[in-house]
Each structure stands twice: as structure tokens, then as C-alpha cells.
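The sequence shown maps to residues 277 to 420 in the working numbering. Here is the structure we will look at, set down as C-alpha cells.
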Amino acid sequence: MIKFSLQCENGHEFESWFSDSEAFNAQSEKHLISCPLCTSTNIKKALMTPNISKKKSNKLSDFPAPELASKRREALALASQFVERIKKITDDVGDKFPEEARKIHYEEAPARPIWGTASPEEAKELIEEGIDVIPVPFSPKDQN
Ligand SMILES: [Zn+2]
Numbered sequence: 277m278i279k280f281s282l283q284c285e286n287g288h289e290f291e292s293w294f295s296d297s298e299a300f301n302a303q304s305e306k307h308l309i310s311c312p313l314c315t316s317t318n319i320k321k322a323l324m325t326p327n328i329s330k331k332k333s334n335k336l337s338d339f340p341a342p343e344l345a346s347k348r349r350e351a352l353a354l355a356s357q358f359v360e361r362i363k364k365i366t367d368d369v370g371d372k373f374p375e376e377a378r379k380i381h382y383e384e385a386p387a388r389p390i391w392g393t394a395s396p397e398e399a400k401e402l403i404e405e406g407i408d409v410i411p412v413p414f415s416p417k418d419q420n
């Protein structure tokens, strides 16, 4: 596994793990990698900052595997609570989200907070149209 520093077309930097450099190239070409901030799928490798310090750091990758697994479960539990709380205060419109968000924006439907799914491309279009959306970079079905 190799960790790459990535950058989207809007200049957001994030990190992601790949089995090798080829895997990154293939996924990037198919637009399978999306920016966690703006969901753009135009991703390139950011300039690598050399790690000068050899001191032991407290990065997640330094945790032994069992601890890492329990941290992962903890993170997923938090993510799940987060989603549940959002669901309580929003109207779940499922995959009609882009359609419904547009209707509300153009005052063709009652204004209310809604929750649902959109592809990265759809989310990007909504943001470009000036529609107020908050991308949540996971879905409860990712958990296992
Ligand atoms: Zn971005």
C-alpha cells in the first residue's frame, strides 16, 4: 500500500491509500476518486512533501492493526450517529435528491432541509448552480 497526497481541481488537498501507483492512475482516469470537500473527481497527485523527520509520529498508520480496527469501528459508529442525527432533522428523499434540491432552490417545492444521495457529478452541478448542499463522504451502507 502507498499513500498519496492528492489535490482536486479546486486546490483541496487530501490523502488516500492505493495498492500502487498504477492503481491510482487507473482510478483517477475512471474518475473513481473524489475530493472529500467538494466531490470533484478531477484529482491529481499533489507535490510530495519529503518527510524529513525520522521521529516516531502518532499517525494512524503507526497504530498496530487491532487498535486500528477498533479506531475504525469507533469512527464508523460516530459517522453512523452523525447520519442518524442528520436524518432526524431532514426529509429523506433518497435518489431524488438532486431533483428535489433544485425544486426547493427554484421555489417549486416547500423549503425544507432534505437528505438523499447524489453522484459526485450531480453534487458538483448543484454546487455550481449555487444550491446549498453539504456533501457527506460516506453512506451508512459502507459500514461492515
Ligand atoms: Zn475539492
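Where a beta carbon is used, it is the ideal one built from N, C-alpha and C, also for glycine. Everything numeric in this text was worked out from a predicted model, so none of it was measured.
Practice task
Flag this pair as yes or no: are the beta carbons of W391 and D367 separated by less than 8 Å?
Solution key: Start at 1 with the first residue of the sequence shown, and residue 391 comes out as number 115. Start at 1 with the first residue of the sequence shown, and residue 367 comes out as number 91. Contact flag set, yes.
Handout entry: Per-residue DSSP class, three states only, for E401
Key = As a position in the sequence shown, residue 401 is number 125, starting the count at 1. Collapsing the DSSP output to three states places E401 in a helix.
Exercise for the section: Could you spell out the range, first to last residue, of the alpha helix (DSSP H) harbouring F380? Expected result: On the sequence shown, position 104 is the one that residue 380 refers to. In the sequence as displayed, the identity of residue 380 is Ile instead of Phe. Looking at the DSSP string, the run of the alpha helix (DSSP H) that includes I380 is 373-381.
Practice task
Spatial neighbours of C284 within its chain, please: CB distance less than 7 Å, with the 5 preceding and 5 following residues excluded, ordered by chain position.
Solution key: For this step, residue 284 is matched to residue 8 along the sequence shown. Within the same chain, C311, C314, S316, N318, I319 come within 7 Å of C284 by CB-CB distance, once the 5 residues on both sides are set aside.
Problem - Residue environment, V369, which counts as buried when at least 16 other CB atoms sit within 10 Å - result: Translated into the one-based positions of the sequence shown, residue 369 becomes position 93. Counting of Cβ neighbours within 10 angstroms places V369 among the buried residues, the total reaching 16 or more.
Exercise for the section: Given a cut-off of 8 Å, decide if A387 and K379 are closer than it, judged by their beta-carbon atoms. Expected result: Walking along the sequence shown from the start, residue 379 turns up at place 103. Walking along the sequence shown from the start, residue 387 turns up at place 111. No, the pair does not count as a contact, with Cβ atoms beyond the cut-off.
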